[in-house]
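Heads up: the sequence shown is residues -27 to -1, 1 to 632, going by mature numbering (1 follows the signal peptide of the UniProt record, and there is no 0).
First comes the structure, then the notes that go with it.
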Amino acid sequence: MAFSERKMPGICSVFLLVVLFAHSCHGFYLPGSYMHTYSTSDTIVAKVNSLTSIETELPFSYYSLPYCKPLGGIKKSAENLGELLMGDQIDNSPYRFKMNVNESLYVCTTSPLNEHEVKLLKQRTRDLYQVNMILDNLPVMRIAKQNGVSIQWTGFPVGFTPPNSNDDYIINHLKFKVLVHEYEGSGVQIIGTGEEGMGVISEADKKKASGYEIVGFEVTPCSVKYDPEVMTKLHMYDSISPVNCPLELDKSQIIRERERISFTYEVEFVKSDIRWPSRWDAYLKMEGARVHWFSILNSLMVITFLAGIVFVIFLRTVRRDLTRYEELDKEAQAQMNEELSGWKLVVGDVFREPDCAKLLCVMIGDGVQITGMAAVTIVFAAFGFMSPASRGMLLTGMIILYLFLGIAAGYAAVRLWRTLKGTSEGWRSVSWSVACFFPGIVFVILTVLNFILWGSKSTGAIPISLYFVLLSLWFCISVPLTLVGGFLGTRAEAIQYPVRTNQIPREIPARKYPSWLLVLGAGTLPFGTLFIELFFILSSIWLGRFYYVFGFLLIVLLLLIIVCAEVSVVLTYMHLCVEDWRWWWKAFFASGSVALYVFLYSINYLVFDLQSLSGPVSAILYLGYSMIMAIAIMLSTGTIGFITSFYFVHHLFSSVKID
């Protein structure tokens, strides 16, 4: 106990330093995003991303609706793997601005709406679809007031439906406000500039570097009824009079057949004190931030102390058992073995090969791969290397890490296989199974979901070409690396058991209650470390919010690893104490059962927090992705618990003198 008391102040100091460091980092230069400076009258073109809705979770192309198209035609932006998998489709738009030039401009007037276009516009309006625009890599923000409170949203609605009305109105006039920060070139070097590439501006060019940085992009959407006869006489980018957003519905543009809709916009440039490195702060201010901080801190402290108490009690119990056993002479030990039951009686069976040994090795290998991928990704994200400015970078980074960690997966699985079997025979089959088990499950689920998305004509559907890219990455990188890892596993020294296994298995005493109840119950403690953070992660995925507290997520991950290890070890010890030597799978599912609670929580979130989610297609998509997440968590947490329990049992029986 004195040891624990000496250590606690040091642990608390480190914890406080991490929290204070996370709190102090409000805004900083994000690697992967570069400053772009503009001179007065420089042309800036806004881009459009897929239309999204929190009601359906089915993204659609911006140009699937009868919007105005750019003069030079639609040009897709280069997208990374993560953006494609997330359903992003970034195109150019007809909305162009000139730096520091306030304008009111005409865009175009549509041809008379046909029945299909009207039906589509009404459906997208009633499903609350949002238009997502991007300017200098910043998403457009709309500030709305509800009950006197300002609420920030990214994007603006396709249209709106007034209360107690069957009519729908389209948003056809946009009032943009671009916040700019004046940049002085003297004494500073600028790196970067947009999509053209990266470069360092020299001393001679510093005066040219003086200009403006875009630090904010806001919009006020309006619906305005124009006279199409007058508007069709105008050309794109002709000036028009500034428009006041009408409050009366009869002055708004209704959606109905044969209507011709005119699109216009205004832009106002406003100087701001916000500096470029801090421009994302406005997007990362989540609602309920205070609750978020205190809830996580409270959860972390409670779980830390609870896990610490369990661990201390457990260590004292095992140590007392071992001390008593070692102090006895051989005759007394034999007599004690006859009189007492407990873990000492299963010494000849504790390392007996488990049922479905190959499946266990495969799941442990995949668990090592997933855990490594998650840990490295969260560490990089916590230090700002995967910023929200780099769209799709998080998912792309995870996929690349997963592919290359195939070496670790193959090595772990084959080494465990050698330990269980005592031979390397069959290691290729184990390696192939590791390479195909989890990716195969994900591939099947994604294929089913993809057919649903294809049927809905959503941009969230993975294109056939991307399917071939993913298959190529799987079989040309992941599988070979897993086989290399398996080969290295055959060359590694097998772990030697400290005791011999009897030829005849020992009978396991009957129990009053099934052991799986204890295994399922054990998952509640790891879930306690996850559920608060899980709410924010699910909200960022399904409600379109930015998730940014990767520093906290890193702390939660470390705490989850500790709790999974402790829970699994305690449960393994309890089973050995009642002479149940079949601990292998129980150790895996003791911590892996947290996945069941995660999936049940996902269903709870669907029912109570995503009440607006409409239609069976959206629910199937949500449950499909939740299933993938739950399986990954099961493999990861189960692996952590199993490996810890294995080394605990190995150490425990190495400490006992056996004749």
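Every residue gets a Cβ at the ideal spot worked out from N, C-alpha and C, and that includes glycine.
Taking 8 Å as the threshold (C-beta atoms), are S23 and Y36 in contact? no
Given that a residue counts as buried once 16 or more other Cβ atoms are within 10 Å of its Cβ, and exposed if not, what is R252? Buried, by the Cβ-count rule.
Taking 8 Å as the cut-off, decide whether the C-beta atoms of G614 and V540 are in contact. yes
Would you say the stretch 148 to 156 touches the stretch 38 to 45, given that touching needs at least three Cβ pairs under 8 Å? no
Classify V320 as helix, strand or coil using the three-state DSSP reduction. coil
Confirm, please, whether the CB-CB distance from T82 to R231 is below 8 Å. no
Between the CA atoms of E186 and Q125 - distance to the nearest angstrom: 22 Å
P39: beta carbon under 7 Å from a heavy atom of the ligand ADP? The model on display carries no ligand, and the ligand ADP is accordingly not part of it.
Using 10 angstroms around the beta-carbon of E202, count the other beta-carbons present and answer buried if the total reaches 16, otherwise exposed. exposed
Please confirm if the stretch 586 to 601 is in contact with the stretch 556 to 567, defined as three or more CB-CB distances below 8 Å between the two stretches. no
W400 versus G379 - alpha carbon distance: 15 Å
Assigned secondary structure, V403 (DSSP; H/G/I helix, E/B strand, else coil): helix
Rounded C-alpha distance that separates I107 from R69: 12 Å
Rounding to the nearest angstrom, what Cα-Cα distance links N475 and W554 in this structure? 12 Å
Element boundaries [beta strand (DSSP E), containing N577]: For N577, there is no enclosing beta strand (DSSP E); the enclosing alpha helix (DSSP H) covers residues V567 to F581.
Taking its Cβ as the centre, do 16 or more other Cβ atoms sit within 10 Å of E169, making it buried, or is it exposed? Here E169 scores only 33 on pLDDT, less than 50, and its place in the model should not be relied on; the value that follows carries that caveat. That one is exposed.
Mind checking whether V104 and V80 have CB atoms under 8 Å apart? no
Mark Q96 as exposed unless 16 or more other C-beta atoms lie within 10 angstroms of its C-beta, in which case mark it buried. exposed
Let me see if you follow: with CB-CB separation under 8 Å, is I373 close to chain D or not? Chain labels in this structure do not include chain D; a single protein chain is all it has.
Leaving out the 5 sequence neighbours to the left and right, which residues in its chain are closer than 7 Å to residue 635 when beta-carbon positions are compared? Outside the shown range of the chain (-27 to 632) lies residue 635, about which nothing can therefore be said.
In terms of DSSP beta bridges, what is P194 paired with? Per DSSP, L147.
Of the residues S12, F284, L490 and G338, the one placed nearest L454, counting alpha carbons only: For L454, the closest of S12, F284, L490 and G338 by C-alpha to C-alpha distance is G338.
Residue interval of the beta strand (DSSP E) (run including L76): One point to set straight first is that residue 76 is Glu, not Leu, in the sequence displayed. Here the beta strand (DSSP E) through E76 covers E76 to T82.
Sheet register partners of M359 (DSSP bridge): Looking at the DSSP output, M359 sits in no beta bridge, so it has no partner there.
Of the residues V415, I468, G433 and V285, which one's Cα is nearest the Cα of A605? V415
Can you grab the Cα-Cα spacing for the pair I481 / Y570, in whole Å? The C-alpha of I481 lies about 30 Å from the C-alpha of Y570.
From L374 to N73, what does the alpha carbon distance come to, in whole angstroms? 43 Å
Which residues in the same chain have their Cβ closer than 7 Å to the Cβ of F(-7), if we skip the five residues on either side of it in sequence? Because F(-7) sits at a pLDDT of 37, beneath the cut-off of 50, its placement in the model cannot be relied upon, and the following sentence gives the value as read from the coordinates. None.
CA-CA distance, E88 and V457? 59 Å
What's the gap between the Cα of A382 and the Cα of C409? 11 Å
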